[in-house]
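Okay, so here's the structure we're looking at.
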Amino acid sequence: MKIKGIIFDMDGVLIDSERPSIAGWKYAGEKMGEEIPDSLIDSFKGSNNESIKKIFDDYFKGRLDYLKAREYRTQYCYKVREKEGIVTKKGLYDLFEFCEKNNVKCAVATSTRRESAQRSLRCIGIYDKLAAVSYGDEVKNGKPAPDIFLDAAAKMGLNPEECIVVEDSINGIKAGAAGGMYVVHIPDTIIIDEETKKLTNRIVESLDKIIDILIEINFSGNRQAPHMREHKYSAFIDRQVVRDFFREYTDAYNSKDPKILLKIEHTYRVAALAEVIGWRAGFDRDLAWLSGMLHDVGRFEQVRRYHTFNDAVSVDHAKLGADLLFDESDPLINKFMDEKQQDERMMYLLETSIRNHNKFEIDEGLDEETRNYCNILRDADKIDILKVNTLFSPEDIYGVTKEELLKSNITDKVMESFLNEETVLKAYRKSAIDSLVGHISLVWGLVYPISYEITAAEGYLERMLSFKSQNEETNEKLEVIRSKIKEKMR
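Going by our numbering, the first residue of the sequence shown is number 5, and it counts up by one from there.
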């Protein structure tokens with residue numbers, strides 16, 4: 005029988021969330037004065053909140069409060085996510101592309117709460133690619149009972165035997181097997197025992213290896229039959245080499261300097277965003293990711309030379325970065341990728357997108373492909389700039405005090421520009437709150453629907469606007485801005 009659907013667990017299968025979760029439970033134990041052992045944490049995996057609470061309470065017998073421990077763990081995971089963004093598992097987009105091209109439905113069955121799960125799935129760009137999502141707290145019995153997988157299969161209109169279940173946890177494997185499905189185990193943070201292994205049909209190292217299983221079952225091993233999107237630049241890019249040299253390069257600067265640390269974290273998040281946006285826009289996601297990894301190379305040298313990120317009083321950081329990468333006698337790009345692997349067209353796209361990422365408008369006269377790679381990087385950068393606005397104080401971001409922000413008025417020119425859905429020029433910004441509105445106006449420059457979806461899911465704009473001014477005229481204008489944003493984000 006052919007496979008018609010794949011049901012994925014989310015945490016540890018689609019996104020790399022198990023490691024922060026483990027560290028979060030450890031952090032909770034430290035805060036509460038008693039260790040939470042690895043074996044206990046392993047038993048949580050794949051279970052819903054009600055089941056985890058019972059396991060926790062049975063073990064600690066009242067010595068630790070579960071809700072307090074869970075709160076500490078959530079706080080820890082939230083901080084990691086804010087710092088690093090959501091990290092997807094290897095092969096995710098390859099597999100989803102294959103399934104889409106070959107009419108294999110995809111679903112998610114997760115023990116994570118609906119609101120949190122939807123946010124994560126939207127931010128990695130796959131939510132509207134799913135035929136169904138099932139949530140552990142919305143079925144009668146959690147894993148290891150098969151209810152959640154049977155629910156997902158039913159929502160897809162498929163029989164259990166037509167589905168693959170992809171799991172990393174013991175409870176999830178047991179649930180998939182109990183449901184009569186083809187169980188694929190991808191090891192993550194735990195080692196399964198021999199009895200559990202017997203419940204699996206296949207064990208693979210990453211999501212893209214499931215493509216081989218589908219080819220074997222659905223196409224009798226004929227690799228000429230399946231259709232996949234061509235990624236013409238991916239073969240030239242070794243992500244590990246890029247990551248390793250980026251780490252080596254930034255280590256030469258003072259990583260204790262908050263400015264340096266900020267840009268290192270920003271780089272990883274922008275690269276991840278660019279990959280998602282590039283994938284959803286139909287372009288080479290590896291090249292999009294690489295542009296994100298390299299886009300702010302100039303920032304580190306800018307801080308070393310001028311001790312500021314302000315281009316107006318120092319240097320155009322995008323131009324500096326592109327010059328370092330491509331124009332020097334010993335171009336830095338040769339450290340990120342072998343010179344023999346540097347396809348001429350790819351180098352042009354990369355350099356042009358980096359040089360244009362901070363410009364008010366993209367250079368005129370660019371061909372469609374080049375404009376798209378520029379826009380992919382610019383969208384990713386803008387989204388993370390909005391994020392940074394939610395992480396730091398007005399003093400750090402705008403150079404104004406909170407009191408100045410709360411008392412100031414939005415100037416008419418800034419308001420007019422914002423309501424015209426324009427990115428507000430710096431020249432228009434006169435008051436403290438004008439700077440805030442100017443940053444919010446970056447949303448008008450977003451190009452791709454997925455960029456709006458990610459921004460809405462993360463709630464950055466709502467957080468930036470979640471305060472009451474001491475200036476009544478400003479409050480009235482802010483309400484108009486909120487309404488305008490709400491309308492745009494529908």
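Think of the CB as a built atom: it goes at the ideal place given N, C-alpha and C, for glycine as much as any other residue.
Applying the 10 Å Cβ sphere with the 16-neighbour rule, what's the burial state of residue i?
i: P262; result: exposed
i: S333; result: exposed
i: A121; result: buried
i: S455; result: buried
i: V307; result: buried
i: D62; result: exposed
i: R23; result: exposed
i: F102; result: buried
i: V187; result: buried
i: K344; result: exposed
i: K147; result: buried
i: A276; result: buried
i: N52; result: buried
i: N145; result: exposed
i: S25; result: buried
i: H311; result: exposed
i: T478; result: buried
i: G302; result: buried
i: S470; result: exposed
Assuming residue i and residue j make a contact with CB atoms under 8 Å, what is their CB distance in whole Å?
i: Y4; j: D288; result: In the structure displayed, the chain extends from 5 to 494; residue 4 sits before or after that span and is not available.
i: M341; j: F240; result: 7 Å
i: M160; j: K109; result: 5 Å
i: L440; j: M468; result: 7 Å
i: A495; j: I177; result: In this structure the chain extends from 5 to 494, so residue 495 is not present and cannot be described.
i: E462; j: K386; result: Incorrect: roughly 12 Å between the Cβ atoms, too far for contact.
i: K267; j: F304; result: 7 Å
i: R126; j: E466; result: Actually they are not in contact, since the Cβ atoms of R126 and E466 sit about 15 Å apart, beyond 8 Å.
i: I40; j: G33; result: 4 Å
i: M14; j: S138; result: About 11 Å; that fails the 8 Å criterion.
i: A316; j: E355; result: Actually they do not touch by this definition, with Cβ atoms about 23 Å apart.
i: G449; j: T415; result: Not confirmed; about 20 Å, so no contact.
i: K410; j: Q474; result: Position check: residue 410 holds Leu in this sequence, whereas Lys was assumed. That pair is a contact at about 5 Å.
i: R206; j: I217; result: 6 Å
Nearest by alpha-carbon distance to residue i: which of the options is it?
i: Y352; options: F364, C378, D342; result: C378
i: V2; options: R486, K323, V246, D62; result: This structure does not reach residue 2, given that the chain is present from 5 up to 494, and the question cannot be answered.
i: K417; options: G282, P453, K430, M36; result: K430
i: S421; options: D61, V91, G442; result: G442
i: I130; options: R243, D98, L266; result: D98
i: R227; options: G369, N52, N106, A158; result: N106
i: K6; options: E166, T356, G140, I414; result: E166
i: E54; options: Q306, G140, A256, E408; result: G140
i: L482; options: P230, I444, T254; result: I444
i: A292; options: L328, R303, R375; result: R375
i: I104; options: L410, K8, D216, L370; result: Here the sequence assigns Glu to residue 104, which means Ile is not the residue at that position. Checking every option, the nearest Cα to that of E104 belongs to K8.
i: A113; options: Y31, F100, F153, G403; result: F153
i: T200; options: L218, I217, Y186, A181; result: A181
i: I389; options: D300, N424, I337, E372; result: D300
i: K93; options: V317, V17, L423; result: V17
i: S412; options: D371, I437, N52, T254; result: I437
i: W29; options: I56, I19, D13, M14; result: I56
i: Y452; options: K488, Q346, E279; result: E279
i: P38; options: N52, S25, Y70, D20; result: At residue 38 the sequence reads Glu, which differs from the Pro that was named. Considering only alpha carbons, the answer is Y70.
i: H235; options: Y257, D290, A156; result: D290
i: R85; options: G66, F64, R67, A27; result: A27
i: F313; options: I19, I401, K434; result: I401
i: F100; options: Y80, A135, R77; result: A135
i: V245; options: L395, L294, V484; result: L294
i: T459; options: N393, P398, V484; result: N393
i: C81; options: E480, A179, Y31, I128; result: Y31
At a cut-off of 7 Å, is residue i close to the ligand MN when judged by its beta-carbon and the heavy atoms of the ligand?
i: A278; result: For the ligand MN, the structure offers nothing, since it holds no ligand at all.
Compare the C-beta of residue i against all C-beta atoms of chain E and say whether one is closer than 8 Å.
i: S439; result: Included in the structure is just one protein chain, with no chain E present.
(request) Mind the definition here: the segment 175 to 195 touches the segment 44 to 56 only if three or more C-beta pairs lie below 8 Å; say whether that holds. (result) Verdict: yes, contact present.
(request) Tell me the start and end of each unbroken alpha helix (DSSP H) in the segment 234 to 320 that is at least 4 residues and wholly inside, in chain order. (result) Entirely contained in the segment 234 to 320, the alpha helix (DSSP H) runs reaching 4 residues are, in chain order, 243 to 255, 262 to 285, 289 to 298, 301 to 310.
(message) At 3 residues or longer, what runs of the beta strand (DSSP E) sit wholly inside the segment 39 to 107?
(response) None, since the segment 39 to 107 contains no complete beta strand (DSSP E) of that length.
(request) Could you tell me whether the segment 358 to 369 touches the segment 313 to 322, where touching means 3 or more Cβ pairs closer than 8 Å? (result) Yes, the segment 358 to 369 is in contact with the segment 313 to 322.
(message) Is it the case that the segment 366 to 383 contacts the segment 276 to 287, given that we only count it when at least three CB pairs across the two stretches are under 8 Å?
(response) In short, these stretches touch, since the Cβ pair count reaches three.
(message) Pairs of beta-carbons, one from the segment 211 to 223 and one from the segment 257 to 275, closer than 8 Å: are there three or more?
(response) Touching, no.
(message) Going residue by residue through the segment 108 to 153, where are the continuous alpha helix (DSSP H) segments of at least 4 residues, counting only ones entirely within it?
(response) Uninterrupted alpha helix (DSSP H) stretches at least 4 residues long and entirely within the segment 108 to 153 occur at 118 to 127, given in chain order.
(message) Taking 8 Å as the cut-off, does the segment 84 to 92 touch the segment 267 to 282 (at least 3 CB pairs, one atom from each stretch)?
(response) Two segments are said to touch when three or more pairs of C-beta atoms, one from each, lie closer than 8 Å; by this definition the segment 267 to 282 touches the segment 84 to 92.
(message) So within the segment 383 to 410, which uninterrupted alpha helix (DSSP H) runs reach at least 4 residues, ignoring any that extend past its ends?
(response) Under the rule that a run must span 4 or more residues, the alpha helix (DSSP H) segments found entirely inside the segment 383 to 410 read 398 to 402.
(message) Which runs of the alpha helix (DSSP H) at least 4 residues long sit entirely within the segment 170 to 243? Give them in chain order.
(response) Within the segment 170 to 243, the alpha helix (DSSP H) runs of at least 4 residues that lie entirely inside it are, in chain order, 174 to 182, 198 to 201, 214 to 222.
(message) Please give me, in chain order, every unbroken run of the alpha helix (DSSP H) with length at least 4 that falls completely inside the segment 331 to 386.
(response) Complete alpha helix (DSSP H) runs here, min 4: 337 to 340, 348 to 360.
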